[in-house]
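Just so we're aligned: 74 in my numbering is position 63 of the sequence shown, and the numbers increase by one with no gaps anywhere.
Quick reminder that beta carbons are idealized off the backbone N, C-alpha and C, glycines included.
To start, the structure itself, in structure tokens.
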Amino acid sequence: MLNFLKKITGSSERALTSEQRAFWDDNGYLILPKFFAPETIAAVNAEVRGLLEHRDRYPEVTVDIISGELSGRRMRIADVPASAFSGPVKINDLFLDSSVIRSCNLDARLTQVLDELLDGDPMVCNSLNFLYGSAQTAHYDSWFMPPPVKDKMAVSSICLDTYTDRNGPLFVYPGSHKIPPYLFPNGSIAALGYDLAPAQAYVAETTREIEPVYFYGEPGDVLIWHSQVLHGGAPILDPTQTRRSLVTHYWRAQDVPAARRTRLTDNGYVLKREHQALH
Ligand SMILES: O=C(O)CCC(=O)C(=O)O
Numbered sequence: 012m013l014n015f016l017k018k019i020t021g022s023s024e025r026a027l028t029s030e031q032r033a034f035w036d037d038n039g040y041l042i043l044p045k046f047f048a049p050e051t052i053a054a055v056n057a058e059v060r061g062l063l064e065h066r067d068r069y070p071e072v073t074v075d076i077i078s079g080e081l082s083g084r085r086m087r088i089a090d091v092p093a094s095a096f097s098g099p100v101k102i103n104d105l106f107l108d109s110s111v112i113r114s115c116n117l118d119a120r121l122t123q124v125l126d127e128l129l130d131g132d133p134m135v136c137n138s139l140n141f142l143y144g145s146a147q148t149a150h151y152d153s154w155f156m157p158p159p160v161k162d163k164m165a166v167s168s169i170c171l172d173t174y175t176d177r178n179g180p181l182f183v184y185p186g187s188h189k190i191p192p193y194l195f196p197n198g199s200i201a202a203l204g205y206d207l208a209p210a211q212a213y214v215a216e217t218t219r220e221i222e223p224v225y226f227y228g229e230p231g232d233v234l235i236w237h238s239q240v241l242h243g244g245a246p247i248l249d250p251t252q253t254r255r256s257l258v259t260h261y262w263r264a265q266d267v268p269a270a271r272r273t274r275l276t277d278n279g280y281v282l283k284r285e286h287q288a289l290h
């Protein structure tokens, strides 16, 4: 309601302070400490635990396996060997099946913040639940899921565990969103199956002077990054330590046709889509 009133009255009440906005503009990321209550985090962790205990109830959910002999595979959750869940995996798009996950993705305060950062209503286009660190090398998300309008994508990582040097914390390269993006051979910022090596060489060259910032978040903290911010997951030093997180990519609702989105809250939308195809 507040958001709706803000829109029609043009009220100057903002979700972000001018310092937060200036930090975002300069650095391309923002940390919101203690954003979610412990009960909300406990509910998300219980939801994921329940999913893992009853995988057959979620026949469409897919999992990307990040390490071990099945590394690189995307499988239906019920087909994944149980042992794979003791290592890095990405559980894709629980927002399609779980109201607990959706209510975090579209939390009213969070969507208000995203609305201000994106300059328009946010729309969930995917969600990823990690159980351990992602161990992903530095990358730009726009390589893999470019937004319909350049720069109009933001990504939230909700901490569901304490992030330490041991469990492969998330890192970001401050200000890297200001670097002109690498263009793949077809002139696009999207990798579209092209060899990533030249893009990675460009990244190494253009970020040589930037020190990455490691995010040592606590459960309930949120880190939001800009679609053009270089980031990744540090190597996992202790493979027994979980680093659970809920990562969500948002485009702007206004950038996709009305038929492709569903409005679920005052200013929060989800993209109408199916679960990922297997590969
Ligand atoms: O949390 C992490 O380790 C990074 C996740 C990430 O890079 C992504 O989802 O794009």
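| Asked | Found |
| --- | --- |
| For Val214, which of Leu63, Trp154 and Phe46 has the nearest alpha-carbon? | Trp154 |
| Identify every run of the alpha helix (DSSP H) within the segment 27-107, keeping only runs that are complete inside it and at least 4 residues long; order them along the chain. | 29-38 and 49-64 |
| Check whether the Cβ of Phe47 lies closer than 7 Å to any heavy atom of ligand 1, and answer yes or no. | no |
| Quick test of the definition: if touching needs 3 or more C-beta pairs under 8 Å, does the segment 34-47 touch the segment 254-262? | no |
| In three-state DSSP terms, what is Thr218? | coil |
| Starting from Tyr261, follow its DSSP beta bridges and name the residues at the other end. | Val135 and Ala165 |
| The alpha helix (DSSP H) spanning Val124 covers which residue range? | Ala119 to Leu129 |
| For Lys189, is the classification buried or exposed, using 16 other Cβ atoms within 10 angstroms of its Cβ as the cut-off for buried? | exposed |
| When the distance is taken between beta carbons, is Val74 closer than 8 Å to Asn116? | no |
| Taking Cβ to Cβ, would you say Arg263 is nearer than 8 Å to Val160? | yes |
| Please classify Asp36 as buried or exposed, where buried requires at least 16 neighbouring CB atoms within 10 angstroms. | exposed |
| For ligand 1, list every residue whose C-beta falls under 7 Å from any of its heavy atoms, going in chain order. | Leu139, Phe141, Gly144, Ser145, Gln147, His150, Asp152, Val166, Ser168, Gly179, Leu181, His242, Gly243, Gly244, Ser256 and Val258 |
| Per DSSP, which one or two residues make a beta bridge with Phe182? | Tyr225 and Gly243 |
| To the nearest angstrom, how far is it from the Cα of Tyr69 to the Cα of His150? | 30 Å |
| Buried or exposed, going by whether 16 or more other CB atoms sit within 10 Å of the CB of Met12? | With a pLDDT of 44 at Met12, under the threshold of 50, the modelled position of that residue is not reliable, and the figure given next carries that caveat. Exposed, since its Cβ has fewer than 16 Cβ neighbours within 10 Å. |
| Verify whether the separation of the beta carbon atoms of Leu139 and Lys101 is less than 8 Å. | yes |
| Hey, His286 and Val166: beta-carbon distance below 8 Å or not? | no |
| Under three-state DSSP, which class holds Ile190? | coil |
| Is Pro223 closer than 8 Å to Gly179 when the C-beta atoms are compared? | no |
| Cutting at 7 Å between CB atoms, please list the residues of its own chain near Leu81, excluding the five before and the five after it. | Ala95 |
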